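There are 2 protein chains.
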Amino acid sequence: MNPRPELRPGEADLLAQLRSISSEAGSHSPSRFTLQDLVPSLQIKIDACFLSNPYATDLFMDRLKSDMLDTGNLRDLLEFYPSQNSHIASLIASQIDVEQERVFVSNGAGEAIQAALHVFGGKRVAVILPTFSPYYEFLRPDQECFFYRLSSEDDFHFDGTDFVRFALENRVDTVCIINPNNPNGGYISSTSMRELLHAFSDMELVILDESFVEFAYEDELRGRLSLAPQLSSLTNVVLIKSMSKDFGIAGIRAGYAIMNPERVERLLSNGFLWNSSGLAEFFFRLFGEEEFQRSYAEVRLRYLDEAAAFFGELEDVAGIRPFSSKANFCLVRLDDTIPVDFLVPLLLVRHGVYVRDCRDKVGLEDGQYLRIAARTDLENRLILDALRQVIAECRTDQ
Amino acid sequence: MNPRPELRPGEADLLAQLRSISSEAGSHSPSRFTLQDLVPSLQIKIDACFLSNPYATDLFMDRLKSDMLDTGNLRDLLEFYPSQNSHIASLIASQIDVEQERVFVSNGAGEAIQAALHVFGGKRVAVILPTFSPYYEFLRPDQECFFYRLSSEDDFHFDGTDFVRFALENRVDTVCIINPNNPNGGYISSTSMRELLHAFSDMELVILDESFVEFAYEDELRGRLSLAPQLSSLTNVVLIKSMSKDFGIAGIRAGYAIMNPERVERLLSNGFLWNSSGLAEFFFRLFGEEEFQRSYAEVRLRYLDEAAAFFGELEDVAGIRPFSSKANFCLVRLDDTIPVDFLVPLLLVRHGVYVRDCRDKVGLEDGQYLRIAARTDLENRLILDALRQVIAECRTDQ
C-alpha cells in the first residue's frame, strides 16, 4: 500500500502552500479571491465550495445590465448612500408575506446571526452538530454552547423529540436550527418544524435558519416552503435568510431576518444604520418585483432538477458515500483509502475544482468528509470526472 | 412681514409630503433613493447632503469599467464570497502605514462605530456637540452620555484643555472625537490632537473619527494628515475611517478602524465574518495600489481648491452665516427671517438641490442651520444660484 499518491513536479510545494492557507483561514474555506492573491498560478475553474444557484446569478446579471449598466444608473448606486434598513424592508415585506415591522435587513445572513446571538441570545445555547460554525463561533464570551450531535452512522438523522429532551435536560434557553442543515443537507418537514417551534415556545431565542429552504421540497410540485408567514405568534423565533444561496449573489452581502417587531426596533434603535450597500438595495428591489420572481421560479426548478441528477451520479462514484440532501450540496464521506489532504488540493491543482474539505467542522471528526455544491449541469459533469480521476490517482490501496 | 413665502400650485402638498418623510427618517436625511420611491415626481439634481468628492467617484468608476466591466470580471465579484476581514486588511495595511493586525475592515464607518461603542465602550461616554448622531444613538442601554457643547456664538471653537477638564469632572471613561468635526467642520491640529489623546490615555476607549481628515490641511503643501501611523502606543484609541467621503463611494459601504491588535482579534473571534462586499474588496485592492493613490492625490487637490472657492462664495450670500470649515462641507446659519422649513424643501422642489436641514441635530437648537457639501465646480455654482434665488423668495422681511 502506498502511503501517499504520486505527485507531479511542483505539486508538493503547491500542496504545502494550499494547506497552510487553509489552516490560516480557520473554520471557513479561503475565498477564491484570497487563494488567487496568495497562489497566483492557481486556476479555479469551478467553485463547488460555494453553495449557490448559478442560473439565478445569470438572472441578476441580466437585470444589472439592463437596469444599471446600459442606463448609466450604476454610478448613483455606488456613489450615494443607500436607503435605511426600514425602507429596504418595505420593498420586500409583501413579497415574503410578512409585515414590514418584522423585517430586519442585514449585510448577509452572517450579520443577522451575530445580532441575534449577541443581542437576544440567552446563556445556554443548543447547537445541532454538524453545523455552520458561526452558530458556535459567534457566541458571546458569557454564552455556553451545548452540542447535540447527529451521527453519520445514522445518516445524520434528526429526531425532534430527542432534541427537545436534550434541550430540557440541559436547561438551554436558546436553540439554533438550520433547515435544511448545513453541511449535511438533512431536512425537517414543515409539519415537524412547526411542532418543534411550539415545543420551544418558552425559550428566550429560537433561531431558525432557512438559508437553504429554497432547495427543499415536500411534493412533486416543489413549492417554496418558508415558514416566514407563520411565525407572528412565536415571538421568540428569529428566522434567518441568506440571499447568497438561492439568488447566487454572495458578493453583494444581502440577507434578512424576521422577528418580533420589538426586536427589530431594539436592533435599529442603536445600530445597523446603512448596513445595506447600493447593490443590495437594487437586489432587494428586484426581489420585491413579480416579474423577477417569476423568472427566478423557473431557474429554481431547473437548478433543482440538475442538482438531483448530480447527487444521483455521486452515488455511483467509487470510494465515496454521499448522504441524502434536501439542500443544494451533498456531504460525502471518503473511504479511508483516499487521503482527503491530497484529494482536495489535487482536485484544485489538477482540475481547478474547489470543494470543501470538512475536517475543520466540529461534529465530523469520525471520518473524512467533503461538501460538494451542485453547479451548472456542465460543471457538475466536470466535477464528477475530476473526482473520479483524482480518487483513482489518490487511492492508497492499489 | 409675511408669515411664509408664496407657494406655487402643487407646492404646498409636496412640501407637506417631504416634511413627513423627513420626520420619519429620524435623525438622518432620507436617501435620494428613498425620496425617489416616495415622491416619484421629484428630480434630485444635486445631492449636497452627501459629503463626498465626486471626482474621486469618477476615478473609481473609470477603474471599475476598465478592470471589471470591460473584462467581464464583475460577475465573479457579485457571485462569490469576498475575502475575509484579515485578508482585506492585508491589502491596505502598508498603504496606511499600519500593521495588518491593527486593521479591522468594516461595512462602512458606521459598523465600526457601533462595534467600538458596543464592545469596548465604558459606561460614561463624552460626546462633543454638535456631532454625528450615531455617537449618542448607538450607545448601549447601560451607557450614559455626557454632552460637551460647542457654542455657535464662539464659531464652535474647541478648547482641548477645557474638554479634558469636562471629562475628568464627569468621570467619563469613553471619549468620542471627530476631526474635522461633523457637522460644523471645526478642526483640531495634529499637535493638539496628539496632546489630547495622551491626556486621555487612561480612558477605556477613545474614538478618533478621521472620516473627513483628507479634506483638512495645515500648510500650503496640503499633505494628508491622518494620525493612523502614530497610535500604536495608545492602546485605548480606536481610529475610525469612512471611505465614503474622500473616495465618493458611500453605496459600497467601505470603511475601516485601526485599534490594538487584541481588540481586532476580539471582534473577529466572534463575528464580522464576510462583512465586506465584493465591490468593497475591489475598492480596497485599488486603495492599496500606488497608481490609484497617485491619481487620487490629484483629484483630492482639485476638489480642495474648488471647495475652498465655494466656501468663499457662501460668505457673500445674503441671509446666511457660514462657519469656518476644514472639511468638505460648510455649516451655515440662516437669518431668522428665512424659514428653514420652507427653504430646504423649496431648494429641492424648485431646483433639485438637496441640502441638509440640521434641525434634528442635538446641539444646534439655538438657530436654523443647513449643512451644504461641496460638489463639482459646476454644481457648486448651481447650488449658489439656487440658494440666492430661494432665499430671496423665502425671506419674510421683504
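In order, the protein sequence lines correspond to chains A and B.
So the first sequence is residues 1 to 398, counted in the working numbering.
So the second sequence is residues 399 to 796, counted in the working numbering.
By construction, the Cβ of each residue, glycine as well, lies at the ideal position given by its N, Cα and C atoms.
Bear in mind the structure is a predicted one, so any value in this text is a computation, not a measurement.
- At least one C-beta of chain A is nearer than 8 Å to the C-beta of Gln512 (chain B).
- Residue environment analysis places Gly669 (chain B) among the buried positions, since at least 16 neighbouring C-beta atoms fall within 10 angstroms of its C-beta.
- Using a C-beta cut-off of 8 Å, the stretch 333-347 of chain A makes contact with the stretch 378-390 of chain A, since at least three inter-stretch Cβ pairs fall below that distance.
- The beta carbons of Glu137 (chain A) and Ser27 (chain A) sit closer together than 8 Å.
- At a cut-off of 8 Å, the C-beta of Asp445 (chain B) has a neighbouring C-beta in chain A.
- Nearest Cα to Arg430 (chain B) within the set A:Ala93, A:Phe80 and A:Pro261: A:Phe80.
- Under the three-state reduction of DSSP output, Val355 (chain A) falls in the coil class, being neither helix nor strand.
- Just so you know, the alpha carbons of Phe282 (chain A) and Thr432 (chain B) end up roughly 12 Å apart.
- For Ala510 (chain B), the closest of B:Tyr654, B:Arg692 and B:Glu663 by C-alpha to C-alpha distance is B:Tyr654.
- Within its own chain, the residues whose Cβ lies closer than 6 Å to the Cβ of Phe284 (chain A), once the five positions on either side in sequence are excluded, are Ile88, Leu91 and Ile92, listed in chain order.
- Among the residues of the stretch 73-84 of chain A, those with a Cβ less than 9 Å away from any Cβ of chain B are Leu74, Arg75, Asp76, Leu77, Leu78, Glu79, Phe80, Tyr81, Pro82, Ser83 and Gln84, in the order of the chain.
- Annotated three-state conformation of Ile92 (chain A) is helix, per DSSP.
- Residues of the stretch 505-535 of chain B whose Cβ lies closer than 8 Å to any Cβ of chain A, in chain order: Asn505, Gly506, Gly508, Glu509, Gln512, His516, Pro532 and Glu535.
- Not flagged as an interface residue toward chain A: Ala705 (chain B), since no C-beta distance is shorter than 8 Å.
- Setting aside the 5 residues that flank it on each side, Ser492 (chain B) is surrounded in the same chain by Gly686, each with a C-beta closer than 8 Å to its C-beta; the list follows chain order.
- For Ala423 (chain B), the C-beta contacts it makes with chain A under 8 Å involve Gln84, in order along the chain.
- Taking 9 Å as the upper bound on Cβ-Cβ separation, chain B lies near no residue of the stretch 155-175 of chain A.
- DSSP places Ser22 (chain A) in the helix class (H, G or I) of the three-state scheme.
- The CB of Met459 (chain B) comes closer than 9 Å to the CB of Leu74, Arg75, Leu78 and Glu79 in chain A, given here in chain order.
- When Cβ pairs closer than 8 Å are counted between the two stretches, the stretch 498-509 of chain B is seen to touch the stretch 639-658 of chain B, the count reaching three or more.
- Taking 7 Å as the upper bound on Cβ-Cβ separation, chain A lies near residues Ile650 and Arg651 of the stretch 650-663 of chain B.
- Here the stretch 593-609 of chain B lies against the stretch 623-640 of chain B, with 3 or more beta-carbon pairs under 8 Å apart.
- One Cα belongs to Asp47 (chain A), the other to Glu218 (chain A), and the distance between them is close to 28 Å.
- Near chain B, meaning a CB-to-CB distance below 7 Å, no residue of the stretch 355-387 of chain A qualifies.
- For Cys792 (chain B), the enclosing alpha helix (DSSP H) starts and ends at Asp775 to Cys792.
- Against chain B, a Cβ distance below 7 Å from Gly248 (chain A) picks out Glu477.
- Judged by DSSP in its simplified three-state form, Ile650 (chain B) adopts helix.
- Within chain B, Glu477 have C-beta atoms less than 8 Å from the C-beta of Ser52 (chain A), given in sequence order.
- Nearest Cα to Pro40 (chain A) within the set A:Gly319, A:Ala386 and A:Leu18: A:Leu18.
- With a beta-carbon spacing of about 6 Å, Ser201 (chain A) and Leu234 (chain A) fall inside the 8 Å limit used to define contacts.
- Within 7 Å of the CB of Arg32 (chain A), the CB atoms of chain B belong to Phe478, in sequence order along the chain.
- With respect to the C-alpha of Leu384 (chain A), the residue from A:Ala25, A:Ala309 and A:Cys358 having the closest C-alpha is A:Ala309.
- Contact annotation for Thr455 (chain B) against chain A: Arg75, Leu78 and Glu79 [CB-CB distance below 9 Å, chain order].
- Assignment of alpha helix (DSSP H) within the stretch 705-751 of chain B, counting only whole runs of 4 or more residues, yields 738-749 in chain order.
- Put simply, the CB of Glu281 (chain A) is near chain B, with a gap under 8 Å to one of its CB atoms.
- What His596 (chain B) touches in chain A, judged by beta-carbon distance under 7 Å, is nothing: the nearest beta carbon there is about 30 Å away.
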